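Here is the structure we will look at, set down as structure tokens.
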Amino acid sequence: MSTMDLLQVAKVCQSEEEAFHFLFQKRRDLYGVSCPECKSSEYYLMHPGRLRCKACKRDYHPFSGTLLNELRISYSTWLWLVKLFELEVSARKARFQLDISYPTTLKGFDTLRRGILYNLSLSDELLKGEIEADESYFGGRRKGKRGRGAGHKTIVFGILERGGKVSVSIVPNASAEALMTETVKKVRRGSIVYTDKWIGYDSLMFCGYKHLNVDHRYKFKLGKVYINGVEGFWSFAKERLIKHHGISKEKFPIYIKEMEWRYNHKEEDLFDLLVTYLLGAVSL
Numbered sequence: 008m009s010t011m012d013l014l015q016v017a018k019v020c021q022s023e024e025e026a027f028h029f030l031f032q033k034r035r036d037l038y039g040v041s042c043p044e045c046k047s048s049e050y051y052l053m054h055p056g057r058l059r060c061k062a063c064k065r066d067y068h069p070f071s072g073t074l075l076n077e078l079r080i081s082y083s084t085w086l087w088l089v090k091l092f093e094l095e096v097s098a099r100k101a102r103f104q105l106d107i108s109y110p111t112t113l114k115g116f117d118t119l120r121r122g123i124l125y126n127l128s129l130s131d132e133l134l135k136g137e138i139e140a141d142e143s144y145f146g147g148r149r150k151g152k153r154g155r156g157a158g159h160k161t162i163v164f165g166i167l168e169r170g171g172k173v174s175v176s177i178v179p180n181a182s183a184e185a186l187m188t189e190t191v192k193k194v195r196r197g198s199i200v201y202t203d204k205w206i207g208y209d210s211l212m213f214c215g216y217k218h219l220n221v222d223h224r225y226k227f228k229l230g231k232v233y234i235n236g237v238e239g240f241w242s243f244a245k246e247r248l249i250k251h252h253g254i255s256k257e258k259f260p261i262y263i264k265e266m267e268w269r270y271n272h273k274e275e276d277l278f279d280l281l282v283t284y285l286l287g288a289v290s291l
């Protein structure tokens, strides 16, 4: 994995002109740049941030329609914001390094999360082979009910392909109907699905899957029957989400999908991916 380190980001951001050219060149190389009026790809660079079409003479912004254009901050600030997000610096801490307000920092981070969510939505690849499935509960600690259906916590259903990716979704409950609906949408028929003993998974065998389970009251592993992989993802996600000191139910979906994305791209250049999303995704 190769990514831009802090010194490289600092070098690109030493002037607004250099930061602009870094972003502009990347957008041009990845997606091309054309006039929104006549679609001509011939232009004059008037000054950083403005182009003039050679054909119709219209001035236009090279980042129109992208997520980058949603927030009115400098190009260098955007690049630093992406780097701090990649490094998992919280918005409360990042605002001091960026020298912008907390609401603006949070909006920038959430814009990146929406870019992640949009790009995840473009994939329709099914998980296959040996699959681990489990649900987990997210939310503040409460007195009273524990376990499945506990309190007002958010229920997240996770499916992990051994040696592959994880996919998560928020479900209304842990019923067989809710769990089977998500499994059928995301897992290829004929796959082997490993779960714990929860009754909600018993219908898997009727949906075209081979279902094997382990009773956690007695042991956590029975040969190849275990769900340690997906449980490892829950630890990965909760360890990171707790740093935010509370996430609203409205925003929780983009945070948990960020965790899915980070887990699935651990060995990739996150900075480059984030900049690509920022420049390519239309405003959501």
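In this note's numbering, the protein residues as written are 8 to 291.
Beta carbons are placed, not taken as given, at the ideal position from N, Cα and C, and that holds for glycine.
Small disclaimer: the values here were computed from a predicted structure and weren't measured.
{"Query": "What residue from S47, I80, N235 has the CA that sits closest to G165's CA?", "Result": "N235"}
{"Query": "Quickly, what does DSSP pair S83 with across the bridge? List them, please.", "Result": "Beta-bridge pairing links S83 to no other residue."}
{"Query": "Kindly indicate the opening and closing residues of the alpha helix (DSSP H) around I261.", "Result": "259-271"}
{"Query": "Please report how far the alpha carbon of G72 lies from the alpha carbon of Y284, in whole angstroms.", "Result": "12 Å"}
{"Query": "Which partner residues does V178 have in the DSSP bridge list?", "Result": "I162"}
{"Query": "What residue ranges within the stretch 37-88 form continuous beta strand (DSSP E) runs of no fewer than 3 residues, ordered along the chain?", "Result": "50-54, 57-60"}
{"Query": "State the start and end residues of the unbroken alpha helix (DSSP H) segment that holds Y144.", "Result": "First-last for Y144: 137-145, but that is the beta strand (DSSP E), not the alpha helix (DSSP H)."}
{"Query": "Give the C-beta separation of R121 and Y109 to the nearest angstrom, bearing in mind that I take them to be a contact with Cβ-Cβ under 8 Å.", "Result": "Not confirmed; about 18 Å, so no contact."}
{"Query": "Give me the Cα-Cα distance between T161 and M266, rounded to the nearest whole angstrom.", "Result": "15 Å"}
{"Query": "Can you give me the start and stop residues for the beta strand (DSSP E) that Y201 sits inside?", "Result": "199-203"}
{"Query": "Does the stretch 218-225 touch the stretch 81-96, meaning 3 or more C-beta pairs lie closer than 8 Å?", "Result": "no"}
{"Query": "With a 10 Å radius around its C-beta and 16 neighbouring C-beta atoms as the bar for buried, classify F213 as buried or exposed.", "Result": "exposed"}
{"Query": "Would you verify that the beta carbon of L219 is, or is not, closer than 7 Å to some beta carbon of chain D?", "Result": "Considering every chain present, this structure includes no chain D. It has just one protein chain."}
{"Query": "Can you give me the start and stop residues for the beta strand (DSSP E) that L219 sits inside?", "Result": "217-221"}
{"Query": "State the DSSP-derived secondary structure class of R133, mapped to helix, strand or coil.", "Result": "As written in the sequence, residue 133 is Leu, which differs from the Arg given in the question. Note: L133 maps to coil in three-state DSSP."}
{"Query": "Please tell me whether G115 and L88 are closer than 7 Å, where the distance is taken between their beta carbons.", "Result": "yes"}
{"Query": "Just verifying my parser: in three-state terms, what is the DSSP assignment at L94?", "Result": "coil"}
{"Query": "Is the stretch 123-132 in contact with the stretch 182-189, if contact means three or more CB pairs nearer than 8 Å?", "Result": "no"}
{"Query": "Keeping to the same chain, check which residues put their C-beta closer than 7 Å to that of P260; ignore five residues upstream and five downstream.", "Result": "I177"}
{"Query": "For E24, does the three-state DSSP call read helix, strand or coil?", "Result": "helix"}
{"Query": "Taking 7 Å as the threshold (C-beta atoms), are H218 and V200 in contact?", "Result": "yes"}
{"Query": "Please report the distance separating the alpha-carbon of H68 from that of I123.", "Result": "23 Å"}
{"Query": "Within the continuous alpha helix (DSSP H) that includes D117, where are the two ends?", "Result": "109-128"}
{"Query": "Assuming L94 and L281 are in contact, meaning their beta carbons sit under 8 Å apart, how far apart are those beta carbons, in whole angstroms?", "Result": "With 8 Å as the limit, L94 and L281 do not qualify as a contact, their Cβ atoms being about 11 Å apart."}
{"Query": "Alpha carbon to alpha carbon, how far is S210 from E139?", "Result": "15 Å"}
{"Query": "To which residues of the same chain is W268 closer than 6 Å at the C-beta, ignoring the five residues directly before and after it?", "Result": "I123"}
{"Query": "Once you ignore the five residues that flank Q104 on each side, which residues in its own chain have a CB closer than 8 Å to its CB?", "Result": "W87, L91, V96"}
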